[in-house]
Each structure stands twice: as C-alpha cells, then as structure tokens.
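Novice:
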Amino acid sequence: MLQITHLSKTFDSLKAVDDISFDIKEGEIFGLLGPNGAGKTTTISMIASLLKPDSGKIIIDSLDIDKDLKKIKKVMGVVPQDMAFYEELTAKENLIFWEKLQGLRKKILEERIKYYLEKTGLTGRENEPLKKYSGGMKRRINLIIGLIHQPKLLLLDEPTIGIDVQTRLNIYQIIKEASSSGTTILYTTHNLQEAEELCHRIGIMDLGKILARGTLTELIKIVEEKDIVLISGNFNADQGQKILTPLKDATILSLKDGKVVLSLEASKRIPVLLEEFFKERISIDDVSIKQPNLESVFLKLTGKELRE
Ligand SMILES: Nc1ncnc2c1ncn2[C@@H]1O[C@H](COP(=O)(O)OP(=O)(O)O)[C@@H](O)[C@H]1O
Ligand SMILES: [Mg+2]
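Numbering (the working numbering), first residue to last: 16 to 323.
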C-alpha cells in the first residue's frame, strides 16, 4: 500500500530524514517509534506531501506521489501532530467543513460524525466552538477529521499526546477498528507501550535513520541472546571504559559519567563485573537488568532509554 525508498530530507545541514526505506502492507498498522527529533514528523509530512523530499520515492496505492498527487489525496487521511482548525467554529462545523473537501454525501457524513463523536466521548459538545475545547478534546476532533472519509491510507502523527487514559483507549479502539476494516495505517509514537499494543510491525527510528524494522517478535530477536544491563555509580566515563573494555562478553552500548549500558552474554556474570568496579574502589548505586522487550531493543540499537 505504501512504499518508501531512499527518502531523505535535510534542513540546513541537519539530516532530519536520512535515506530511509520501508513499506506497509494493506491493512497493516506500521509504527514509527523514536524519540523527539528522530525525524518522524518530517517523514509523515513528506508522505502527506506537505513537505518536498530532497530525494527518494514515495508510492501510495501503486501511484507515484510526484505524478498522481490528486488521486492519492483522495485515498489518504492525515492526522497532523500540529493541529489546525477553525477555533471560532464549533466541532461539528469544523468536521463538516473539512469533510466537504472530501466530497462525502450529506447523509453519510451526518451518520459518521454522530458515530465518531459518540466513540470519542464528545457527544453533546459538538455545538461548542473549538476554542472552548481542552487540548485532549481537540486531539479527538483532529483524529476524526483524518479518518471520517475512511481513507485507504491513514497517517497518524502522535495522535495520543496530551490525552487521558480513557480517551487513549478509545482512540486505540477506533484505530484498530479502522485497521480491521481494511485501512492501512502509519502511526508515529515515542511511546514503547503504544507501539507494542497497536502496531503489527514497527520501525525504530533515531537521528533520521530507521535502525531496525519488523514485528515485535522479530525485533526482540535482536536482543534475545543477551541481557541489557544498566549500571550507575561513582565512576567517570574514562574509568568505565578502562574497566569494561577488557571484558570479552560485555559490549558497551552507551557510557557517560556515572552511568553505563551494557549488553551482556549472561546476567550471572554481573557479580564478576561488579568486582572489577570494586577493585578500583568505585561504589555502585544501582544495577538493573532489562528483560528482552521493545525497550531493550531500543536501548541496544540507540544506546538510549526512551522515556515519555
Ligand atoms: N522546518 C524545519 N527546519 C529546520 N529543522 C527542522 C524543521 N523541521 C524539523 N526539523 C528538525 O529535524 C529533526 C527531526 O524533526 P521531526 O521530524 O519533527 O522529529 P520527530 O517528529 O521525530 O520529533 C529535528 O532535529 C528538528 O529540529
Ligand atoms: Mg514529531
């Protein structure tokens, strides 16, 4: 449904998106998971044709975005991270305005508006101007605008930011529903649980690159053989380097003063490793082992923890 090949975008000297390729099959929810600044919004903006790539190819529903943009726009829905609507108009007026652009018949439009307002818990609030809405309520309207015409491809850029737990669950349900009725979805998030819960396949993105992609099971294979161990204590980066480099079965993933992340063959080796620190009279404050999950995959690939 969507094929991206060698897509790049540079701002001044910053490579925001750096030669990425991936594809999404029909009906699939594909997640782009990465921290702030990874390049997720830049990627989605290019696919939504809001931003021109420097190089690369985007094919949507077998059509080339450079040649058939008009046709593509008809089958695509976009839920941008930065929301834009008419604050003075009511929620319903906004929905009618945006969906008229899609050419939906009035009766169908009315039915769907009713359905999605109900689904997102906004029934009864539809005649209030959006300027009276909370951030979370606006996000829900933003989502409805993107999917009410039931696009073949739906682009969702961090749609659950600033939303309470209950609404978040409602939104997951709406997204899963759209997916099972055949909509293909590209979903960006910096939230590991969200990627695990929602996405059929995930691409891990950092500093403009996709470092790995696959199903959760496939991704976890990257770390399955090894444990990820975080050690913090009273050492600087140089000391850490000196102590850990000679240890054959430990690989340093990231190292800074007071904190190191290691990939280790077996966690039973931890006491031996700590002994090396103690020999240098370094005190250790905390040792934690990450079981193989998406978080440890992310750590292994980026050397960073992904926190909300
Ligand atoms: N219009 C722009 N001009 C300059 N730099 C930009 C612009 N848009 C994004 N960037 C930079 O590109 C990088 C990727 O940003 P973005 O795609 O928004 O990441 P994400 O959505 O993953 O947080 C960041 O370093 C950001 O500061
Ligand atoms: Mg973003």
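We treat Cβ as the ideally placed atom computed from N, Cα and C, and that holds for glycine.
No experiment lies behind these values; they were computed from the predicted model shown.
#1: How about Ile190 and Ile178: are their beta carbons less than 8 Å apart?
#2: Leaving out five residues before and five after Lys315 in sequence, what residues of the same chain have Cβ atoms less than 7 Å from its Cβ?
#3: Mark Thr56 as exposed unless 16 or more other C-beta atoms lie within 10 angstroms of its C-beta, in which case mark it buried.
#4: Any residue with its Cβ nearer than 5 Å to a heavy atom of ligand 1 should be included. What is that list in chain order?
#5: Can at least three beta-carbon pairs, one atom from the segment 151 to 169 and one from the segment 88 to 100, be found at a separation below 8 Å?
#6: Going by alpha carbons, who is nearest to Gly52 out of Arg284, Lys30, Glu103 and Leu207?
#7: Quick one: Cα of Glu323 to Cα of Lys122, how far?
#8: For the pair the segment 25 to 44 and the segment 181 to 188, tell me if three or more CB-CB distances fall below 8 Å.
#9: Less than 7 Å separating the Cβ of Gln254 from some heavy atom of ligand 2?
#10: Under 7 Å: does the beta carbon of Asp69 sit that close to some heavy atom of ligand 2?
#11: Tell me the residue span of the beta strand (DSSP E) that contains Tyr148.
#12: Can you tell which of Pro144, Gly42, Leu48 and Val32 has its C-alpha closest to the C-alpha of Ile62?
#13: Nearest CA to the CA of Met220: which residue from Ser303, Leu66, Thr204 and Glu212?
#14: Bridge partners of Arg216, per DSSP?
#15: Name the one or two DSSP bridge partners that Phe293 has.
#16: Grab me the residues of Arg127's own chain with a C-beta within less than 6 Å of its C-beta, minus the 5 sequence neighbours each way, in chain order.
#17: Threshold first: 3 residues or longer. Then list the beta strand (DSSP E) segments lying entirely within the segment 83 to 146, N to C.
#18: Exposed or buried, what is Pro68 when buried is set at 16 or more other beta-carbons lying within 10 Å of its beta-carbon?
#19: Is the CB-CB distance between Ile80 and Gln18 below 8 Å?
#20: Quick one: Cα of Gly223 to Cα of Leu231, how far?
#21: Using three-state DSSP, classify Phe250 as helix, strand or coil.
#22: By DSSP, does His21 sit in helix, in strand, or in coil?
#23: Look up Ser31 in the DSSP assignment and say whether it is helix, strand or coil.
#24: Tell me the rounded alpha-carbon separation between Leu207 and Gly71.
#25: Hey, would you say Glu103 sits closer than 8 Å to Pro50, going by beta carbons?
#26: Are Lys305 and Ser298 touching if we call contact CB-CB under 8 Å?
#27: At a threshold of 7 Å, does Asp172 count as lining ligand 2 (C-beta to nearest heavy atom)?
#28: Using 8 Å as the threshold, is the C-beta distance between Ile111 and Leu124 below it?
#29: Say yes only if the C-beta of Gln96 is nearer than 7 Å to one or more non-hydrogen atoms of ligand 2, and no if none qualify.
#30: Report the residue from Ser64, Phe37 and Glu233 whose alpha carbon sits nearest the alpha carbon of Lys82.
Specialist: So, from the listed chains and residues:
#1: It is not a contact, given that the beta carbons lie outside the stated cut-off.
#2: Once the five neighbours on either side are set aside, the close Cβ partners of Lys315 are Ile237, Val238, Ile243, Leu268 and Ser278.
#3: Around the beta carbon of Thr56, 16 or more other beta carbons sit within 10 angstroms, so the residue counts as buried.
#4: Near ligand 1, meaning a beta-carbon closer than 5 Å to one of its heavy atoms, we find Phe26, Ala31, Asn51, Gly52, Ala53, Gly54, Lys55, Thr56 and Thr57.
#5: Counting Cβ pairs under 8 Å, three or more are found: they touch.
#6: The shortest C-alpha separation from Gly52 is found at Lys30.
#7: Note that Glu323 has pLDDT 44, beneath the 50 cutoff, so the model's placement of it is unreliable and the number below is only indicative. Answer to the nearest angstrom: the Cα atoms are 41 Å apart.
#8: Note that the segment 25 to 44 does not touch the segment 181 to 188; fewer than 3 beta-carbon pairs, one per stretch, sit closer than 8 Å.
#9: Gln254 Cβ: outside cutoff for every heavy atom of ligand 2.
#10: Ligand 2 never approaches Asp69 closely enough for any of its heavy atoms to be under 7 Å from the residue's Cβ.
#11: Going by DSSP, Tyr148 is part of no beta strand (DSSP E) at all; its letter is neither H nor E.
#12: The residue with the shortest Cα to Cα distance from Ile62 is Val32.
#13: Among Ser303, Leu66, Thr204 and Glu212, the Cα nearest to that of Met220 is on Thr204.
#14: Partner(s): Phe45.
#15: DSSP output for Phe293 lists no bridge partner at all.
#16: If we look at Arg127 and ignore the five residues flanking it on each side, its Cβ neighbours are Ile163.
#17: Correct list: 91 to 94.
#18: Flag for Pro68 reads buried.
#19: No Cβ-Cβ contact shorter than 8 Å links Ile80 with Gln18.
#20: Rounded to the nearest whole angstrom, the CA to CA distance from Gly223 to Leu231 is 21 Å.
#21: The three-state secondary structure of Phe250, taken from DSSP, is coil.
#22: Assignment of His21 by DSSP, reduced to helix, strand and coil, places it in the strand class.
#23: The sequence given here places Ala at residue 31; Ser does not occur at that position. Here Ala31 sits in strand by DSSP.
#24: Looking at the two C-alpha atoms, the distance is approximately 28 Å.
#25: Contact check for Glu103 against Pro50 fails: the beta carbons are separated by 8 Å or more.
#26: Their beta carbons are not under 8 Å apart, which means Lys305 does not touch Ser298 by this criterion.
#27: Yes, the Cβ of Asp172 comes within 7 Å of a heavy atom of ligand 2.
#28: With respect to the 8 Å criterion, Ile111 and Leu124 are classified as neighbours on the basis of their beta carbons.
#29: Taking 7 Å as the cut-off, the C-beta of Gln96 counts as close to a heavy atom of ligand 2.
#30: Of all alpha-carbon atoms in Ser64, Phe37 and Glu233, the one lying nearest the alpha-carbon of Lys82 is that of Ser64.
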